[in-house]
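Chains A and B are the protein sequences, given in the same order.
The UniProt record's numbering puts the first residue of the first sequence at 1, with every later residue one more than the last.
The UniProt record's numbering puts the first residue of the second sequence at 1, with every later residue one more than the last.
Okay, so here's the structure we're looking at.
There are 2 protein chains.
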Amino acid sequence: MKKHNFSAGPAILPASVLEEAARGVLNINDSGLSILEISHRSKDFIAIAAQAEQLVRELLNLSDDYAVMFLSGGASTQFFMAPMNLLNEDETACYVNTGSWADKAAKEAKNFGKIETLASSKEQNYTFIPRGWEVPAYAKYLHLTSNNTIYGTQFHWWPDTEVPIVCDMSSDMFSRTIPVEKFGLIYAGAQKNMGPAGTTLVIVRKDLLGKVKRTLPSMLNYTTHIDNDSMYNTPPVYAIYVSMLTMKWIKEQGGLTAIEAHNQAKGDLFYHELDANPLFHGTVTVKEDRSLMNPTFLAINEEVDKAFDAAAKAAGIDGIRGHRSVGGFRASMYNAMPLEGVQVLVDVMKDIAQKMG
Amino acid sequence: MKKHNFSAGPAILPASVLEEAARGVLNINDSGLSILEISHRSKDFIAIAAQAEQLVRELLNLSDDYAVMFLSGGASTQFFMAPMNLLNEDETACYVNTGSWADKAAKEAKNFGKIETLASSKEQNYTFIPRGWEVPAYAKYLHLTSNNTIYGTQFHWWPDTEVPIVCDMSSDMFSRTIPVEKFGLIYAGAQKNMGPAGTTLVIVRKDLLGKVKRTLPSMLNYTTHIDNDSMYNTPPVYAIYVSMLTMKWIKEQGGLTAIEAHNQAKGDLFYHELDANPLFHGTVTVKEDRSLMNPTFLAINEEVDKAFDAAAKAAGIDGIRGHRSVGGFRASMYNAMPLEGVQVLVDVMKDIAQKMG
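So, in C-alpha cells, the structure goes:
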C-alpha cells in the first residue's frame, strides 16, 4: 500500500532523493565504494560538501557576508551555541516565546547574557503568534522560532527592526522565500525539509562573530567551523550528502518561489476542508498564524477521533497523531508531500463527515 | 574492479551491512517508509535504538553501573564534554599525550580544571607510547587515547591505577576485548569500526556524574541524554541504525574475542612483511606499540614511494596515503577489512621489492 508520510520530523523526503541516497550507500559516483565508508577528505565528499554549500547560497540568494556551516547536535545545540558566540554576559538578547522550542531556546541562552522575553503566548497554550511588541534598539539580537511544529503556528510576517534576527527555522527552512538580509543567524535541523536527521544548517552574518569575551571550546566556536569549511572534525557525511540531494531536488522544482506556491496550495486545500468540515477544528485561534508546515487539529469528540484515526490508517496515512502536549492530529506537509497526499487526507476527512456528520 | 578500502575513517564497513543499510533507505522493516523519513519516536526506530544499546552492552559485557549514549558532535565534542561533566575547576585530571587527538583533548580540557600531562612522546613525533609514568591518586581521572590513528601507535596495556580512565577509543572501539571495569568513561566516534560518521558512542560509569558545580547546557549534560535514552532531541537516526547493523555483524563474527584474533592475524601478516621488506620501514620506533588498526610506514625513497602508490592503485587499494603530518602510507585495517585485503597489500609490497629491491 502506498504510504502518505505526514510525520513531523524526521519527515517525508522526495522519492527520487531516497532512490539516489540508497544507491550512494552501495556505490558513490561509480567509485566502487559506499558514501558511508569514504574519507571526508576524499575528492568525492569534498565535492558533495561544496555543492551543498553552493545550493544553500543559490536557494537563498546568499551574499558573501554570510557563512554557511553544516554542523551536528541539532537545533538544541544552537540554543546555547548562538548566545555563546553572539552575546556577552552584560548584553541583552530578546526572545519571543511562541512554543516549546522557543521557550527552550530562551532558557538555554540565560547562562550567557541577559534574556528579555518580549512577548509570549505560553499562557494561551501557544495558540497564536503574539503581536504588538517592539524590539529595543539595545538588543544584541532578536530570537524567533519561525514555525512551531508542536502548536501549528508560523510567522507569516517579520518584525520591522534593525536588530539582527536569530531564527530557528528547523521546521520551515527552504519551504518559502525569506528576506535573508533581516537575519543575523539562521539555524535549522535538517530533518524536515532539508534531509535526514544528523546535520544542522547554520547560516551566520560574519561581522557578528568574534565579539564575545568568553573562551569557547573549539567545537562550539562558529569561527572554527567556518575556517575549516565545516571539516574541523569528521562531519556527518551521509546527512550532508542526502541534504545536498534534497536541495538539488528543491532547485529542480523551481527553487523557493515554486516551493512556496506549492506549499500554499497544499495549505489552502487542507485548511479549506478544515474550516468547512463540522467534525474537526484547528487548534490555532488566529487563522493568519496557521502553519503551512504543521496544521494541527482536533476531532469534535472521541468517537470521531477514533474513526478518523482508523480511516486515515486504512488510507495509508502515517504519522498524523498530534504531539503529546496538544493531542489530536498534526498533518505535517513538508516540501516533499505532494498535493495528492493532502488530497487523500482531505478525502478521508470529507468521508468521515459524510458518515458521521 | 574490486576495491580494497584502507581509509583511516570514515572507513570500510562490512558488505552485508552496506546492503542492508541501502535497503533501509528504501524501505525499513517492510513499513513502506525509508529509515530516513520515519520519526525517531516511531516503534521501528525505538526498537533499533534499544537494540543498538543492547549490542553495546553484550559486546562489552557491560554492567548496569554504566550508561550508554549515542550522541553527535564527534569525539571532538567529548574532548570538552568529558571534563565539563567530570571535573571541577579546582580538581586535577591527568593526560598522556600520545598523538594529535590526545593533545587536542588535553587542550580543550584546560578550560574546566587543572590538567597535568603525565607523559608525552610529542617531541619524538609520537613514534611510541610513553612508559614509566604513574597516576597520582588525587587525579579525578586519567585520559588516554587508546589508538593513535595518525601515528600508528596503540596501547596494548593499561596502567595499573584505581583512578578511573577516560578513554578516546574512536579508532579501536570494538576491535578487541577490554577490561571495562578500569574505565570511567569511554567515547568513540562511530566512523571506524562501528558505523558511518554521524554518531558518537559514550559509555559512562553513572556514579561519576552529578558531581560538578558548573551549570551545563542541557545538551552538554550527560544526565540529560541518559534520562532521555539519547532522545532528548532528534538523534542521528541513520548513523545509529547503521551502527546497530555493524555491531550485529560483530556479534555474528563471534564477538570481540573472535574479532581480536582476526585483527591480530591481519596485523601479523602485514607487520611480518613490513619487517622483511627492504623497501619499507615503519614509522613507529617501539614494535610493541604498533597499532593493529593503522599501520603507518614509509618507502625508503621517492622512487619506491611512487612505484608503490601506483601499484597499489592498480590493485584496487584505496585510501592508503598517510596523514599529511606523517607522510608515507597508512594501511588502516579496521574490523571489516578481510585478511584477503591485507594479502593483496602484502603482495603488492612483495612485488615491488622483487622488481626494485
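Note that beta-carbon positions come from the ideal geometry of N, C-alpha and C, so glycine has one too.
For clarity, every value in this text was computed on a predicted model and none was experimentally measured.
- In its chain, beyond the 5 residues on either side, 299 have a beta carbon closer than 6 angstroms to the beta carbon of residue 305 of chain A.
- Beta-bridge partners assigned by DSSP to residue 290 of chain B: B:153.
- In this structure the stretch 188-198 of chain B lies against the stretch 11-22 of chain B, because at least three pairs of beta carbons, one per stretch, are closer than 8 angstroms.
- Among the residues facing chain B, residue 202 of chain A is not included, as its CB has no counterpart in that chain under 8 angstroms away.
- Across the structure, residue 262 of chain B and residue 325 of chain B are spaced so that their CA atoms are roughly 29 angstroms apart.
- The alpha-carbon of residue 156 of chain A is positioned some 14 angstroms away from that of residue 182 of chain A.
- Contact between the stretch 166-182 of chain A and the stretch 137-150 of chain A is present: 3 or more CB-CB pairs across the two stretches fall below 8 angstroms.
- A distance below 8 angstroms separates the beta carbons of residue 209 of chain B and residue 223 of chain B.
- In its chain, beyond the 5 residues on either side, 274 and 297 have a beta carbon closer than 6 angstroms to the beta carbon of residue 282 of chain A.
- Listed along the chain, the chain B residues whose CB falls inside 8 angstroms of the CB of residue 225 of chain A amount to none; the nearest CB is some 11 angstroms away.
- Here residue 89 of chain A is exposed: its Cβ has fewer than 16 other Cβ atoms, across all protein chains shown, within 10 Å.
- Taking the beta carbon of residue 116 of chain A as reference, no residue of chain B falls within 7 angstroms; the closest one sits roughly 20 angstroms away.
- Residues of chain B with a Cβ closer than 7 angstroms to the Cβ of residue 38 of chain A are, in chain order, 7 and 10.
- Here the stretch 33-52 of chain A does not lie against the stretch 331-344 of chain A, with fewer than 3 beta-carbon pairs under 8 angstroms apart.
- The stretch 41-60 of chain A makes contact with the stretch 235-246 of chain A, as at least three CB pairs between them are under 8 angstroms.
- For residue 245 of chain A, there are no C-beta contacts with chain B under 7 angstroms, since the nearest C-beta of that chain is about 11 angstroms from it.
- DSSP places residue 251 of chain B in the uninterrupted alpha helix (DSSP H) bounded by 237-252.
- As computed with DSSP, residue 285 of chain A is found in no beta bridge at all.
- Contact between the stretch 65-74 of chain A and the stretch 85-101 of chain A is not established, with fewer than three Cβ pairs separated by less than 8 angstroms.
- For residue 85 of chain A, the three-state secondary structure derived from DSSP is helix.
- By the criterion of a C-beta distance shorter than 6 angstroms, residue 270 of chain B is surrounded in its chain by 295 and 342, once the five residues flanking it on both sides are discounted.
- Under a criterion of Cβ atoms nearer than 9 angstroms, the residues of chain A adjacent to residue 235 of chain B are, in order, 74, 197 and 198.
- Going by C-alpha positions, residue 60 of chain A is about 16 angstroms away from residue 335 of chain A.
- The alpha carbon of residue 330 of chain B has as its nearest neighbour, out of B:55, B:340, B:339 and B:318, the alpha carbon of B:318.
- Look at residue 48 of chain B here: in three-state DSSP terms it is helix.
- Residues of chain A whose Cβ lies closer than 7 angstroms to the Cβ of residue 318 of chain B are, in chain order, 33.
- Going by C-alpha positions, residue 159 of chain B is about 13 angstroms away from residue 178 of chain B.
- From the listed residues B:84, B:254 and B:131, the smallest Cα separation to residue 115 of chain B is found for B:84.
- The beta carbon of residue 18 of chain A falls within 8 angstroms of a beta carbon belonging to chain B, placing the residue at that interface.
- CA-to-CA, the gap between residue 20 of chain B and residue 121 of chain B works out to about 42 angstroms.
- Note on geometry: alpha-carbon atoms of residue 81 of chain A and residue 203 of chain A lie some 13 angstroms from one another.
- Chain order gives the chain A residues near residue 108 of chain B as 217, 218 and 219, where near means a beta carbon separation below 9 angstroms.
- Within the stretch 166-200 of chain A, contact with chain B at the beta-carbon level (separation under 7 angstroms) is assigned to 189, 191, 196, 197 and 198.
- Within the stretch 171-225 of chain B, no run of alpha helix (DSSP H) at least 4 residues long lies entirely inside it.
- Excluding residues up to 5 positions away in sequence, 121, 153, 284, 285, 286 and 289 lie with their Cβ nearer than 7 angstroms to the Cβ of residue 128 of chain A in the same chain.
- For residue 62 of chain A, there is no enclosing beta strand (DSSP E), as DSSP marks it with neither H nor E.
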